[in-house]
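Comments concern the structure below.
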Amino acid sequence: MSIHITYRPLCSAQIWHAYYLHPAEDEGQDWIDPVARPNALQTLALEGLSAAALNAGAYSILNDLRLTPTVPTAAFLQRMKMIFKPQNTGFTILARAQKDSPVSYRPFIPFDQDFKLSFIIQAKNSNFFSFTAIDMPIRPRSVYYFSNLAQNKNGEHSLLLNANPPGAEPPQNYISANDLLPLKTRNISMDIDLPKVRLVFNNPVHQFETSFEKPPAGAETGIFDPPMSHLPSGWYEVKAFTDTGIEIIEFRQNIYWNQGDIPPDALGVIELYHLNGANLEAYAFQDSNNHLQSPIYTLWWQNRSTYWRYLFNKEQPAPDTGNENCHVKPESPNENKRLISKEPQPLLSRYRKISFYPADSPGSGESRLPNPGPGPVYPEETGVYSEIYMGDTQLDKVN
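Residue numbers (my numbering): 74 to 472.
What follows is the structure, encoded as C-alpha cells:
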C-alpha cells in the first residue's frame, strides 16, 4: 500500500486594512454604534469586503507590512519540513501531510509535543502609521500581540487573532489598544515590601518560577529583579504570591518577553500555538482525529479618521454651515482661508465625497473638495488633522 505525501496548509493568517476596503460612502452598511465605536463595520460586512477583495485579486498587505518568522520559528519549520509562504493577504504555513481520505490529511511528522510559531510584523510603508487607527505615539516599549488563543470567533467564519475585551458588544473585530503588550527586554523590577515573594511566569509552552527573600537587616522595601535571561521570547502571564500562597493581585501583568528575537522596530507579533491537551476548537491546527483543519486566521486594521483641513491662499466664500450637505466649516470664525470638515472623516484609498456649499447661495453652487493623501497627519489638542493645500483655488469659481 502506497502512502500519498503532499503539502497542505497548516494554517493561514489574512491581514486586512479598512483604508483599502471600507466603502467610500455611508449607504446603509452594517455599521457598529457610530458614537461608541465610530467607523467600525459589523463582522459580516467585513467578511463580504474581504471575500470581494480575494475575488478581485488586487489587494496586497505586503506593500505596507513585512511578515517574517522569528529565528527560532524558522529553525523549527525547517526541522518539521514546513514552509512559510508569504501571500498578498498575509501568509500560509504548509506542512507535509499524509492523505487519509479524499478530504482528510494528517501531518506526516506527528505533532507529539506542544509548540508555538512566532511571526514578526514590521511596517514597510511609513504612511501606515498615518492612515491606520493607531495611538499616537504608540506606547513606548510595547508591541501589538495577536494569538490563536484569542478565541474571538466572529461573524460567519472569522477566526480573529485580536483580543476581545470582556463586555465588548458586539465583540471587538478590529485591532485596538487592547492588543498592546509591554515589551520587556531586561529583568522586571518589582518594589517588594514583603519578607518573601514567589513569582510565576507562565504561558502554554513555558513556565518559570522564582522567589525573593528580603534580607533580615534589609531596608523596608527591596527591589526584586527576577533572573529571566534563560526564558524564551513570548507572551507570559506574570503572577506574584506571598509565602502563604496568596496571590498579590496588583502585581499580575501580561508581558511580551523579548530574548532578542523581536527587532526594535517590530510593530506586532503573531503567536500560533499547537497544544495537545487544550481544546482550541476551530483555532486548532488539527481536529480530534489529528486531521489538519487548516484554520484561516483574520486580523483587521482600522483606518484612521481625521479632521480634514483645507488651506487656501485667498479668502473663500463663507460655507453654508447650516446645510447638512455642506461638510466643512471655518476653522476660526470669519476666517475662510482655513476650512475644516465638520466631523472627522475616515482616510481611504478611494474618493469620499466631501462638499462645499456657499452661504450666499443656499442649496446650490456645490463644489466637490479633494481628499487628503495617506499622510502625514498632525495630532493637535483638538484632534488629529490631515491637511490639503488648495493654493489659489477659488471655490466660487469651481463646480
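Note that beta-carbon positions come from the ideal geometry of N, C-alpha and C, so glycine has one too.
Item	Value
Nearest to Asn221 (by Cα), restricted to the options Ile413, Val311, Tyr356, Arg382	Tyr356
For Asp252, three-class secondary structure by DSSP	helix
Thr371, buried or exposed, once every other Cβ within 10 Å from all chains shown has been counted against 16	buried
Inter-residue Cα distance where the pair is Ala97 and Pro368	31 Å
Residue(s) in a DSSP beta bridge with Ile461	Tyr383
Thr379 beta carbon less than 8 Å from that of Leu420	yes
Other residues of its chain near Ala432: CB distance less than 6 Å, five sequence neighbours each side excluded	Ala391, Asp393
Asn235 and Gln245 closer than 8 Å at C-beta	yes
Lys410 in three-state terms, based on DSSP	strand
Straight-line Cα distance separating Ile248 from Leu127	21 Å
8 Å Cβ shell around Phe181 - same chain, five flanking residues per side excluded	Ile78, Lys154, Ala168, Arg169, Ala170, Gln171
Reduced DSSP category for Thr165 - H, G, I as helix; E, B as strand; rest coil	strand
C-beta contact flag for Ile328 and Leu253 at 8 Å	no
Length of the line joining the Cα atoms of Lys387 and Ala196	39 Å
Whether Val457 touches Phe429 by CB criterion (8 Å)	no
Any non-hydrogen atom of the ligand FMN closer than 7 Å to Gly307 Cβ	Absence of the ligand FMN is noted for the structure shown, with no ligands found whatsoever.
Nearest-angstrom Cα separation, counted from Ile194 out to Ile319	38 Å
Own chain partners of Ala91 with C-beta closer than 7 Å, once the 5 adjacent residues on each side are dropped	Trp373, Trp374, Gln375, Asn376
Backbone secondary structure at Asn235 - three-state DSSP	coil
Buried versus exposed call for Met209 [16 or more other C-beta atoms within 10 Å across all chains shown]	exposed
Nearest-angstrom Cα separation, counted from Ile427 out to Asn398	9 Å
Cβ-based neighbour list, Ile461, same chain, cut-off 8 Å, excluding 5 preceding and 5 following	Trp381, Arg382, Tyr383, Leu384, Leu442, Pro443, Asn444, Pro445
Under the three-state DSSP convention, the category Thr146 falls into	helix
Beta-carbon gap between Gly228 and Leu117 smaller than 8 Å	yes
Pairwise C-alpha distance: Phe358 and Phe285	39 Å
Exposure of Gln389, with buried meaning 16 or more beta-carbon neighbours within 10 Å	buried
Residue nearest to Asn396 in terms of C-alpha spacing, selected from Val216, Gly438, Thr283	Gly438
DSSP beta-bridge partners of Cys84	Ile166
As assigned by DSSP and simplified to three states, the class of Ala124	helix
Minimum C-alpha distance to Glu242 - residue among Ile261, Gln115, Leu135, His347	Gln115
Cα-Cα separation, Asn136 to Pro159	12 Å
Chain-order list of residues whose beta-carbon lies under 6 Å from that of Ile134 (same chain, five-residue window excluded)	Ile88
Top-ranked residue by Cα proximity to Asn275, from Phe188, Tyr309, Asn237, Ser414	Tyr309
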